[in-house]
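In numbering that gives the first Met the number 0, the protein residues as written are 0 to 269.
Only one structure is covered here, and it is reproduced in the block below.
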Amino acid sequence: MLIPRILTALVLVFIVVGGVFYASDSVWSSGVFVLAVLALWEWAKLAECRALWLKILFTAVSAVLIYLLSPFINGYAYLLVTIVVMLAVLSVVVRYQRTQGRVGLNSRPLMLLLSFALTLVFIVALLALHSSVAPAILLLSMAIVWAMDTGAYFSGRAFGKRKLASYVSPGKSWEGVWGGALSAFILSYAVLSFVLSDTPFTERVWISVALTLIALLSVFGDLFESVLKRQADIKDSGSILPGHGGVLDRIDSLLVAMPLTYLLWSVYTV
0 MLIPRILTAL VLVFIVVGGV FYASDSVWSS GVFVLAVLAL WEWAKLAECR ALWLKILFTA
60 VSAVLIYLLS PFINGYAYLL VTIVVMLAVL SVVVRYQRTQ GRVGLNSRPL MLLLSFALTL
120 VFIVALLALH SSVAPAILLL SMAIVWAMDT GAYFSGRAFG KRKLASYVSP GKSWEGVWGG
180 ALSAFILSYA VLSFVLSDTP FTERVWISVA LTLIALLSVF GDLFESVLKR QADIKDSGSI
240 LPGHGGVLDR IDSLLVAMPL TYLLWSVYTV
């Protein structure tokens, strides 16, 4: 499993870096919408839509709505939708943990609605960040989340004792989270020191702190998917990525991080 996992990771890095730096907005948009379709299909699986026609219907209708709505979800509308979606994700995770796994998101329509809304704000963020922000900043925003995940994994294995959310994801620990946050901050400040070298030291520090906070909040994307996977009693959201599972297994944290990152840069550039 290790070799397929490494090879898949290398291919994904090549695609993401190439797309961020070299793809035109139209090519990037096409790739992002393909990603949306794959994610929507897996959401339908997590919602236990067993009938093939129901999966196809949800995926097709949601993809069309995202395509039609994405140009108009901006400004205060985007802020409002993102806040509502993030609070809903947070409430699902907290409720599942507090009820010891007895109560999660049991309504299929609500599950599909929240999954659609989360995908919508994620796609809008990817499109907007690519067209209006420096490519290095877009890649940094993703890399910080990956640094958070990697740092959390190794810190958790080395020092993990206190469970973060034992009923949602027993493998995660508070020590892992703080180790991941430290990794995210170090990477963020190091890159910003080059990308924003002309900005004051304190400003770079505060931006790094904000990006690290977003990386911390991105854990809820991972936990939200874990709740749905536990409810559906499945290990992975899919099998399209050898050694990694499904698309959602790779972008779950980004689903929360990228919309918040877009809001951060929108405020910063005003």
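All C-beta atoms in this analysis are idealised placements derived from N, C-alpha and C, irrespective of residue type, glycine included.
Quantities reported herein were computed from a predicted structural model and do not represent experimental measurements.
Check, Outcome
"Measuring only the C-alpha atoms, how far is G74 from L68?", "13 Å"
"Please name the residue in Q99, F115, R101, V63 whose C-alpha comes closest to that of V88.", "F115"
"In terms of residues, what are the limits of the beta strand (DSSP E) holding S172?", "168-172"
"Let's see if you can read the secondary structure: which residues bound the alpha helix (DSSP H) around K44?", "24-45"
"Do we get a CB-CB distance below 8 Å when we pair L263 with the residues of chain C?", "No chain C appears in this structure, which consists of one protein chain only."
"What are the uninterrupted segments assigned as beta strand (DSSP E) that are 3 or more residues long and contained completely in the segment 91-179, given in chain order?", "162-164, 168-172"
"Can you say whether T118 is buried or exposed, counting buried as having 16 or more other CB atoms within 10 angstroms of its CB?", "buried"
"Run the CB neighbour count on A50, radius 10 Å, all protein chains shown included, and call it buried at 16 or more, exposed below.", "exposed"
"For D235, collect the residues of the same chain with a Cβ closer than 7 Å to its Cβ; drop the 5 residues on either side in sequence, then sort them by chain order.", "G244, G245, D248"
"Look at K147 and S182 and say whether their C-beta atoms are less than 8 Å apart.", "Note that residue 147 corresponds to Met in the displayed sequence, not to Lys. Yes. Within cutoff."
"Does DSSP put G242 in a helix, a strand or coil?", "coil"
"Under the assumption that Y66 contacts V123 (Cβ atoms under 8 Å), give the Cβ distance between them as a whole number of angstroms.", "The Cβ separation is near 11 Å, so there is no contact."
"Counting beta carbon pairs with one atom in the segment 211-231 and one in the segment 249-265, are three or more of them shorter than 8 Å?", "yes"
"Look at Q96 and Y166 and say whether their C-beta atoms are less than 8 Å apart.", "yes"
"If the criterion is Cβ atoms closer than 8 Å, does the pair A22 and G30 meet it?", "yes"
"Could you check the C-alpha separation between I239 and V266 for me, to the nearest Å?", "36 Å"
"With contact counted as at least three CB pairs below 8 Å, one residue from each stretch, are the segment 122-139 and the segment 6-23 in contact?", "yes"
"Are L215 and A164 closer than 8 Å when you measure CB to CB?", "no"
"Of the choices V176, S168, S106, W145, whose alpha-carbon is the least far from that of L186?", "W145"
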